[in-house]
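Please read the structure below before turning to the comments.
Numbering (my numbering), first residue to last: 254 to 331.
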């Protein structure tokens, strides 16, 4: 999947250059405007990443404890 991701940028750029009639400036402008929102969204996502990671880790820990407790109950009742 990563190889597809690494190859998609040059592929899309090549297609756009072909469509635009070898006009590199229009393609560069289009790609710049197209990627700016994504860059800003990644910056915001990275800002909250560590907090969300901690919250998810705590939720998973609580669920694991509940599952272990249920296993012990079921094992003792048999």
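Glycine included, every Cβ here is placed at the ideal spot set by N, Cα and C.
Source: prediction; values computed, not measured.
The Cβ neighbour count for residue 280, taken over all protein chains shown within 10 Å, is at least 16; the residue is labelled buried. Setting aside the 5 residues that flank it on each side, residue 273 is surrounded in the same chain by 279, 280, each with a C-beta closer than 6 Å to its C-beta; the list follows chain order.
In the displayed model, residue 311 falls within a helix according to three-state DSSP. In this structure, the alpha-carbon of residue 285 lies about 16 Å from that of residue 296.
For residue 261 and residue 300, the gap between their C-alpha atoms comes out near 27 Å.
Taken atom to atom, the span from the alpha-carbon of residue 264 to that of residue 316 is near 44 Å.
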